[in-house]
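In this note's numbering, the protein residues as written are 2 to 439.
Below: the structure, in structure tokens.
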Ligand code: SAH
Ligand code: SF4
Ligand code: F3S
């Protein structure tokens with residue numbers, strides 16, 4: 002049997018796309034190989050959000066090239082956002098790549114790999130009109146009790162730093178009926194937790210006569226789905242209806258990942274985020290008033306062109322004011338073709354480093370204080386498996402999306418009550434309650 006290996010970079014959307022890529026390759030009769038060396042078809046599902054993933058991919062591709070020099074029959078396929086961003090030059094940059102495809106053309110990958118025989122001809126991409134949801138493809142699910150569900154593709158925002166609209170195209174929503182059928186199917190297969198995925202889930206549905214609040218309510222009804230998550234909501238489109246749906250739907254978890262990016266209204270404007278610091282903070286208040294015990298996480302960028310020390314300090318103070326449970330912090334990375342890449346006053350690397358180090362410290366401090374508040378409480382945990390660092394313990398996640406490492410005997414996929422006994426900035430520790438009673 003011929004075998005494939007998929008290496009995935011980037012966000013959850015890419016991880017989910019990789020499940021579809023694997024499902025499709027399996028339908029073509031290939032089996033999964035444990036490592037790149039063992040595979041006949043090597044797929045790289047790439048990311049290009051910042052320079053770092055570009056560099057990581059380049060290192061991987063150098064290895065793949067060496068493998069192919071030894072075994073010229075190996076097929077190398079490069080997909081995802083980096084491939085799309087470099088579509089004009091990919092084959093000249095990397096002449097040993099056989100197939101290239103953008104995130105919108107995963108459904109065509111099978112044809113391009115040469116149905117059945119894999120007699121690959123150099124082929125690539127599709128046109129914008131070929132863009133199709135991978136949601137109709139078979140999938141190879143990595144986790145038995147948890148699943149991603151794509152609700153839209155593309156993004157209609159114009160955030161000045163961001164390459165995503167250029168590589169994923171305009172936003173298109175999936176039909177609600179199709180999404181619900183998928184969710185119900187997953188529930189029948191034993192899935193208990195779903196994460197709805199879109200670049201901006203809050204703008205879902207305008208093109209298909211629905212909206213995100215309706216979608217949440219419809220998913221909430223699905224029998225067997227105990228937890229509903231979503232990522233990411235854009236603060237500009239977070240309407241009262243969605244807050245009400247979050248508050249009223251039993252399965253929708255008490256967590257919002259709400260990307261702030263910057264705490265300075267001037268910088269937010271330059272980023273074209275279309276909300277101010279004040280409006281964001283009001284939204285946080287509204288969310289917390291409606292959903293007691295809500296966990297909030299965020300994305301932050303330091304060193305956007307022209308960001309002054311004072312403006313950076315506004316990001317720091319916003320973190321303190323909101324009291325995030327966690328945050329992804331990024332050094333601004335210029336992306337070719339985006340508006341911000343050509344702005345004057347790019348910030349020197351050294352200053353960006355200083356700022357991110359300070360920001361990380363504050364984020365950790367604030368997050369640890371939030372985690373400490375959980376000590377002494379009992380949390381519902383969905384068991385994911387043994388702890389990665391100490392297999393004598395179990396690992397799972399709370400509804401508020403915090404990882405818990407705990408002593409207990411539950412099986413993966415079970416929901417258990419865990420008493421929280423200790424906390425760090427990222428993790429809780431505890432004991433399963435049945436075990437406590439025993
Ligand atoms: N569509 C999602 C995710 C976008 S990418 C959303 O809007 O929430 C994830 C994060 O990467 C962004 O929220 C942003 O914080 C960061 N990011 C995007 N482009 C970047 C760049 N050029 N430099 C640094 N960070 C960036
Ligand atoms: Fe990028 Fe902004 Fe769209 Fe998110 S909302 S994908 S940050 S353009
Ligand atoms: Fe995701 Fe990276 Fe593309 S973050 S959308 S895989 S550029």
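The C-beta atom is built at its ideal place from N, Cα and C for all residues, glycine as well.
Close beta carbons around residue i, own chain, < 7 Å, minus the five adjacent residues each side
i: residue 342; result: 335, 336
i: residue 142; result: 20, 148
i: residue 160; result: 272, 273, 274
i: residue 98; result: 77, 79, 91, 92
i: residue 57; result: 10
i: residue 313; result: 303, 356
i: residue 52; result: 334
i: residue 171; result: 155, 157
i: residue 288; result: 244, 257, 295
Residue range of the alpha helix (DSSP H) that includes residue i
i: residue 57; result: 52-71
i: residue 83; result: 81-86
i: residue 189; result: 177-189
i: residue 206; result: That residue, residue 206, is in no alpha helix (DSSP H); it is neither H nor E in DSSP.
i: residue 112; result: 110-113
Own chain partners of residue i with C-beta closer than 6 Å, once the 5 adjacent residues on each side are dropped
i: residue 211; result: 177
i: residue 42; result: 5, 76
i: residue 422; result: 430, 431
i: residue 247; result: 253, 292
i: residue 258; result: 232, 233, 298
i: residue 365; result: 426
i: residue 168; result: 82, 85, 86
i: residue 363; result: 317, 320
i: residue 435; result: none
i: residue 37; result: 6, 43
Length of the line joining the Cα atoms of residue i and residue j
i: residue 71; j: residue 2; result: 20 Å
i: residue 82; j: residue 415; result: 36 Å
i: residue 256; j: residue 152; result: 19 Å
i: residue 358; j: residue 375; result: 26 Å
i: residue 13; j: residue 155; result: 14 Å
i: residue 380; j: residue 251; result: 15 Å
i: residue 269; j: residue 236; result: 12 Å
i: residue 29; j: residue 140; result: 13 Å
i: residue 95; j: residue 105; result: 21 Å
i: residue 384; j: residue 192; result: 13 Å
i: residue 395; j: residue 207; result: 42 Å
i: residue 62; j: residue 389; result: 28 Å
i: residue 316; j: residue 163; result: 19 Å
i: residue 372; j: residue 286; result: 20 Å
i: residue 418; j: residue 433; result: 6 Å
i: residue 23; j: residue 34; result: 11 Å
i: residue 428; j: residue 309; result: 33 Å
i: residue 158; j: residue 409; result: 45 Å
i: residue 119; j: residue 27; result: Residue confidence is low: residue 119 scores 42 on pLDDT, short of 50, so the model does not pin down where it sits. Its coordinate-derived value is still stated next. Their Cα atoms are separated by approximately 13 Å.
i: residue 393; j: residue 403; result: 20 Å
i: residue 406; j: residue 197; result: 25 Å
i: residue 16; j: residue 45; result: 11 Å
i: residue 300; j: residue 73; result: 42 Å
i: residue 360; j: residue 241; result: 31 Å
i: residue 370; j: residue 68; result: 48 Å
i: residue 284; j: residue 216; result: 21 Å
i: residue 249; j: residue 213; result: 14 Å
Limits of the beta strand (DSSP E) - the one that residue i falls within
i: residue 320; result: Not the beta strand (DSSP E): residue 320 falls in the alpha helix (DSSP H), residues 310-323.
i: residue 421; result: 416-424
i: residue 302; result: 296-303
i: residue 22; result: It is not in any beta strand (DSSP E) - residue 22 instead sits in the alpha helix (DSSP H) that spans 13-28.
i: residue 94; result: First-last for residue 94: 91-94, but that is the alpha helix (DSSP H), not the beta strand (DSSP E).
i: residue 397; result: 395-399
i: residue 429; result: 428-433
i: residue 43; result: 42-47
i: residue 197; result: 194-198
i: residue 102; result: 100-102
Residues near residue i in its chain [Cβ-Cβ closer than 8 Å; skip 5 each side]
i: residue 279; result: 266
i: residue 195; result: 147, 148, 149, 150, 184, 187, 220, 226, 228, 229, 230
i: residue 165; result: 50, 82, 156, 200
i: residue 181; result: 219, 220, 223
i: residue 400; result: 228, 254, 255, 256, 380, 381
i: residue 31; result: 2, 3, 4, 5, 41, 42
Exercise. Which whole runs of the beta strand (DSSP E) in the segment 253-278 are 3 residues long or more, in chain order?
Worked result: Those beta strand (DSSP E) runs which fall completely within the segment 253-278 and span 3+ residues are 256-258.
Problem set entry | Segments of 3+ residues assigned as beta strand (DSSP E) that fall wholly inside the segment 140-165 | Segments of the beta strand (DSSP E) lying fully in the segment 140-165: 147-151.
Problem set entry | Every unbroken beta strand (DSSP E) inside the segment 325-383 [3 residues or more] | Counting only runs of 3 or more, we get 327-332.
For this session: Ignoring anything shorter than 4 residues or poking outside the segment 215-241, list the alpha helix (DSSP H) runs there in chain order.
Result: List check, alpha helix (DSSP H) in window: nothing returned.
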